[in-house]
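Numbering (the UniProt record's numbering), first residue to last: 1 to 341. From the three backbone atoms N, C-alpha and C, an ideal C-beta is built for every residue, glycine too. Keep in mind the model is a prediction, meaning the values are calculated, not measured. Worksheet: one structure, shown below.
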């Protein structure tokens with residue numbers, strides 16, 4: 001079996017998830033190199049993952065490391081130039097979402113992908129690989145709910161992590177760009193259409209620090225799609241019970257509902273507090289299998305020279321929709337969504 005030698009850039013919370021999967025759980029992957037600006041993260045790669053090729057400079061890793069592919073899990077503002085540099089160096093590329101933080105950056109990434117058709121480019125919209133979401137998509141294709149015409153999506157981070165959200169609120173791009181990108185992608189995927197108009201609003205009742213940073217702790221948006229379908233997104237940062245992600249797809253003949261209760265597992269505790277279902281604590285726990293499956297697919301695509309379903313253009317569209325949603329939120333009025341070609 002051909003092994004794909006991989007270098008990873010970024011070993012933060014999600015970077016470590018990808019790195020462990022590459023190092024220990026994907027047989028045809030070999031984690032060969034790691035790059036980080038944080039010495040402790042490189043020490044982690046060396047001691048915990050057995051990586052010997054360590055770099056503090058991304059370009060140096062591309063130039064010197066013995067790798068076939070790069071996994072980019074760095075700050076969002078760095079993604080697009082790192083994508084281009086890796087492709088120009090002849091590497092296959094996996095990048096976490098978002099593709100970029102501006103349309104101009106996304107276009108730069110598109111051009112780089114188009115110039116290197118022999119290389120695999122993979123965008124980390126991992127919810128498409130979550131078994132429950134993938135099953136819902138399969139049922140839609142089978143006609144189980146007729147024609148889907150509405151998606152309602154909720155994504156709320158746990159209150160226990162709100163301190164970190166407040167810390168980065170001023171530089172996050174706003175609640176919708178920060179939190180709704182996966183829901184936007186899922187709406188497009190399930191409805192097989194793009195939104196053409198959005199109205200959005202925000203609210204802050206518990207943590208005024210968000211308002212001081214020009215942000216909100218909760219946001220809601222409504223989308224009208226080109227085929228007449230509707231989308232609703234509710235994002236927030238103060239779920240008392242844990243990490244809450246829920247999606248409902250409504251069709252002409254029925255509906256599908258994914259994770260109405262974000263259960264930790266199938267165990268229910270019966271005691272003095274009644275019947276209690278513990279909830280997942282965060283995205284690494286809820287989407288652990290999805291992260292593994294998407295990375296397996298990237299490695300398999302690289303090994304076989306097969307193009308993945310998720311494209312660079314999906315990343316650009318989601319970013320454009322995210323910006324339009326943010327504009328509607330700031331203006332307090334409906335915004336027409338225009339896609340730059």
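query, result
"Under 9 Å, do residue 276 and residue 268 count as touching if we go by C-beta distance?", "yes"
"Report the rounded CA-to-CA distance for residue 19 versus residue 13, giving the unit in angstroms.", "10 Å"
"Could you have a look at residue 287 and say whether DSSP puts it in helix, strand or coil?", "coil"
"Under the three-state reduction of DSSP, which class applies to residue 55: helix, strand or coil?", "strand"
"Under the DSSP definition of a beta bridge, which residues are partnered with residue 224?", "197, 230"
"If you check the beta carbons only, do residue 94 and residue 67 fall under 9 Å apart?", "no"
"For the candidate residues 169, 322, 125, 226, whose alpha-carbon lies nearest to that of residue 177?", "322"
"Within the same chain, show all residues whose beta-carbon is closer than 8 Å to that of residue 197, passing over the 5 residues directly before and after it, in chain order.", "223, 224, 334, 335, 336, 337"
"Judging by CA-CA distance, which residue of 214, 33, 314 is the nearest neighbour of residue 96?", "314"
"Quick check: the segment 202-221 against the segment 247-261, are there 3 or more CB pairs under 8 Å?", "no"
"Let me know if residue 128 comes out buried or exposed under the rule of 16 or more other beta-carbons within 10 Å of its beta-carbon.", "buried"
"Check for me: the beta strand (DSSP E) holding residue 108 runs from which residue to which?", "Taken as a continuous stretch (DSSP letters only), residue 108 belongs to no beta strand (DSSP E), being part of the alpha helix (DSSP H) at 103-115."
"Compare the beta carbon distance of residue 256 and residue 156 with 9 Å and say whether it is the shorter of the two.", "no"
"For residue 349, does the three-state DSSP call read helix, strand or coil?", "In the structure as shown, the chain starts at 1 and stops at 341, and residue 349 therefore has no counterpart that could be examined."
"Using CA atoms only, rank isn't needed, just tell me which of 162, 130, 100, 38 is closest to residue 56.", "38"
"Based on the DSSP secondary-structure assignment, which residues constitute the bridge partners of residue 270?", "275"
"Going by alpha carbons, who is nearest to residue 125 out of 179, 158, 262, 240?", "179"
"Express the C-alpha separation of residue 135 and residue 325 in angstroms, rounding to a whole number.", "28 Å"
"On the CB-based measure, 16 or more other CB atoms within 10 Å of its CB, does residue 164 come out buried or exposed?", "exposed"
"Going by DSSP, what residue range makes up the beta strand (DSSP E) through residue 93?", "92-96"
"For the ligand SAH, I want to know if residue 269 counts as a neighbour, meaning its beta carbon is within less than 8 Å of at least one of the ligand's heavy atoms.", "In terms of ligand content, the structure shown is empty, and the ligand SAH therefore cannot be addressed."
"In the DSSP assignment, the beta strand (DSSP E) including residue 31 goes from what residue to what residue?", "29-35"
"Starting from residue 254, follow the beta strand (DSSP E) in both directions and report where the run begins and ends.", "254-258"
"With distances taken between CB atoms, is the gap from residue 239 to residue 158 smaller than 9 Å?", "yes"
"From the DSSP output, read off the bridge partner residues of residue 123.", "95"
"Smallest Cα separation from residue 331: which of 199, 106, 31?", "199"
"Cα-Cα, which of 316, 308, 48, 42 is closest to residue 117?", "308"
"Could you please give the first and the last residue of the uninterrupted alpha helix (DSSP H) stretch that includes residue 162?", "162-168"
"Pair every Cβ in the segment 291-299 with every Cβ in the segment 19-32, then say whether three or more of these pairs are closer than 8 Å.", "yes"
"Going by the CB atoms, is the gap between residue 143 and residue 70 shorter than 9 Å?", "no"
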